[in-house]
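Numbering (this note's numbering), first residue to last: 233 to 706.
The C-beta atom is built at its ideal place from N, Cα and C for all residues, glycine as well.
Predicted, not measured: the structure shown is a model, and the values here were computed from it.
Report on the structure given below.
What follows is the structure, given as structure tokens:
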């Protein structure tokens with residue numbers, strides 16, 4: 233399986249597409265993007281026009297708007313595949329919800345599903361990497377940057393934003409300075425912390441992680457710094473804290489923003505002096521620990537609100553890594569999805585080759601909000617792998633949609649993604665042509681009603697009549 237990447241080539245050279253959709257702006261955008269990738273593209277507005285074409289021409293792929301007339305579309309697909317046994321038929325849906333019934337008789341005829349809005353450029357890139365030439369496919373997962381290879385045992389990424397964020401990580405790792413990692417929940421802060429540790433000179437020493445927000449305030453000091461026997465009721469023996477256990481290595485203080493103020497001063501003293509006192513103890517304990525902290529909170533705001541010490545913040549914020557949310561690193565979504573899917577299959581004892589992600593599935597995953605970030609994507613792909621029907625060869629959107637209850641609000645499942653009709657206008661289109669396109673498509677949207685079109689475009693009825701005549705719009 234090869235996943236689309238940011239580098240555009242002409243990997244669809246010689247590939248022929250037929251696109252069927254009543255939306256002329258959609259047809260124009262798709263045609264331009266696919267032709268830039270080297271494909272030969274035919275576009276028509278209706279199935280009846282497409283039937284005429286498939287009787288004369290050979291098409292590798294047909295991409296069609298979903299027609300509610302099931303017998304009509306079924307008959308068209310059968311005719312197409314009779315003439316092109318290796319051809320593939322994709323449908324374009326207006327809504328993410330289309331009654332994803334895996335028992336639907338049409339399922340066996342449809343090779344993939346896509347949902348509007350579709351980004352033509354990204355669609356072409358995906359088609360290149362999945363169905364393109366061997367040269368294009370071979371480079372789709374090629375990693376050139378040495379530091380990316382170095383980090384791949386710990387982090388899976390290829391997006392330019394992650395390359396920028398993590399480009400200094402190997403140098404950060406060799407330093408002894410404290411590191412503050414920020415980012416939303418589920419972005420991989422602990423993975424980055426582990427990467428820093430295992431790329432550092434302390435790699436053969438302990439890595440100890442503690443979530444400061446998961447331990448009650450009354451217990452966290454003992455967890456971090458330990459306690460002496462008899463220090464309090466129930467302290468039946470001396471207990472070494474996390475800092476002592478991590479001595480010589482690295483301690484990872486996750487969700488440092490949740491640490492109680494009363495403990496922050498004691499942590500600052502340990503960072504400054506390298507010495508701690510167990511609860512109930514009078515003898516200083518020297519520790520040699522590299523500290524990496526992480527937070528989902530805005531610590532500067534926490535300082536303004538009196539919830540975090542500014543001196544501790546500046547002591548932690550020597551080296552900084554901010555992890556972007558998954559929705560800002562779309563290029564990584566298919567790569568991560570494939571990684572988690574194959575890992576889940578491997579953990580279940582399946583033998584490769586594993587089912588692969590279809591282009592429609594990649595497109596769907598790239599559209600989702602991912603409020604839980606990488607962790608949410610991992611959980612979704614694990615569910616899909618675990619519950620997927622046996623002998624499935626390709627993961628289609630119909631295999632993903634039933635498990636989106638945690639990924640997508642139920643209200644969105646019955647709401648078209650394509651909320652507002654739009655027009656695709658390629659960069660470089662002359663301004664006069666842009667004006668003609670906007671008037672033509674707005675009139676199409678209003679079914680020819682010039683008054684409504686003028687209101688939408690915020691021009692007078694007289695002006696739109698003059699423009700219609702000038703551009704010879706029927």
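Secondary structure of residue 508, DSSP reduced to three states
strand
Rounded C-alpha distance that separates residue 369 from residue 357:
Only weak support is given to the placement of residue 369: the predicted model assigns it a pLDDT of 43, under 50, and the question is left unresolved by the model.
Looking at C-alpha atoms only, which residue of 629, 635 and 627 is the closest neighbour of residue 608?
635
Spatial neighbours of residue 561 in its chain, beta-carbon cut-off 6 Å, leaving aside the 5 residues before and after
391, 393 and 394
I need the boundaries of the alpha helix (DSSP H) containing residue 475, first residue and last residue.
Note, residue 475: alpha helix (DSSP H), 474–477.
I'd like the list of long-range same chain contacts for residue 262, defined as Cβ closer than 6 Å, with 5 residues on each side in sequence excluded.
251 and 352
Select from 613, 503 and 548 the residue whose C-alpha is nearest the C-alpha of residue 579.
613
Should residue 592 be labelled buried (16 or more other beta-carbon atoms within 10 Å of its own) or exposed?
buried
Beta strand (DSSP E) containing residue 525: first to last residue?
522–527 is the extent of the beta strand (DSSP E) around residue 525.
Within 8 Å, strictly: CB atoms of residue 557 and residue 594:
no
In DSSP terms, what residue 486 is bridged to:
443
Would you report the Cα separation of residue 472 and residue 620, rounded to the nearest angstrom?
Rounded to whole angstroms, the gap between the alpha carbons of residue 472 and residue 620 is 47 Å.
Indicate whether the contact test is met: 3 or more Cβ pairs, each with one atom in the region 285–293 and one in the region 677–689, closer than 8 Å.
no
I'd like to confirm the pairing. Which residues does DSSP put opposite residue 272 in its beta bridges?
248
Distance, residue 542 Cα to residue 533 Cα:
10 Å
Hey, would you say residue 271 sits closer than 8 Å to residue 304, going by beta carbons?
no
CA-CA distance, residue 310 and residue 341?
8 Å
Going by DSSP, which residues form a beta bridge with residue 464?
None; residue 464 has no bridge partner.
Strictly by DSSP, which residues pair up with residue 320?
Looking at the DSSP assignment, residue 320 forms a beta bridge with 293.
Only counting the same chain, and skipping five residues up and downstream in sequence, which positions put a Cβ closer than 7 Å to that of residue 445?
Around residue 445: 487 and 490.
Between residue 409 and the rest of its own chain, which residues show a CB-CB distance below 7 Å, the 5 nearest in sequence each way excluded?
550 and 551
Check whether the region 497–511 touches the region 446–456, counting contact only when three or more Cβ pairs, one atom from each stretch, lie closer than 8 Å.
yes
To which residues of the same chain is residue 307 closer than 8 Å at the C-beta, ignoring the five residues directly before and after it?
Setting aside the 5 residues that flank it on each side, residue 307 has no residue in the same chain whose C-beta is closer than 8 Å to its C-beta.
Answer with buried or exposed for residue 435, where buried requires no fewer than 16 other C-beta atoms within 10 angstroms of its C-beta.
Looking at its Cβ environment, which holds fewer than 16 other Cβ atoms inside 10 Å, residue 435 is exposed.
Measure the CB-CB distance between residue 474 and residue 447 and report whether it falls below 8 Å.
no
What residue range does the beta strand (DSSP E) around residue 554 cover?
551–554
Go through its chain and collect everything with a Cβ distance to residue 266's Cβ below 6 Å, but skip five positions before and after it.
249, 273 and 356
Should residue 702 go down as buried or exposed, given a rule of 16 or more other Cβ atoms within 10 Å for buried?
Exposed is the label assigned to residue 702, since fewer than 16 other Cβ atoms lie within 10 Å of its Cβ.
Can you give the Cα-Cα distance for residue 482 and residue 525, rounded to whole angstroms?
10 Å
Rounded to the nearest angstrom, how far is the Cβ of residue 632 from that of residue 671, given a contact under 8 Å?
Contact doesn't hold; Cβ gap of about 39 Å is too wide.
Taking only three categories from DSSP, how would you classify residue 298?
coil
Enumerate, from N- to C-terminal direction, the unbroken alpha helix (DSSP H) stretches of 4 or more residues contained entirely within the region 384–441.
392–398, 401–406 and 421–430
Any Cβ of chain C within less than 8 Å of the Cβ of residue 517?
Here there is only one protein chain, and chain C is not present.
Using the Cα positions of residue 283 and residue 530, report the straight-line distance between them to the nearest angstrom.
58 Å
Expected contact under 8 Å - CB spacing of residue 484 and residue 439 to nearest Å:
7 Å
Which residues mark the beginning and the end of the beta strand (DSSP E) in which residue 255 is found?
Segment: none, residue 255 is in no beta strand (DSSP E) and carries neither H nor E.
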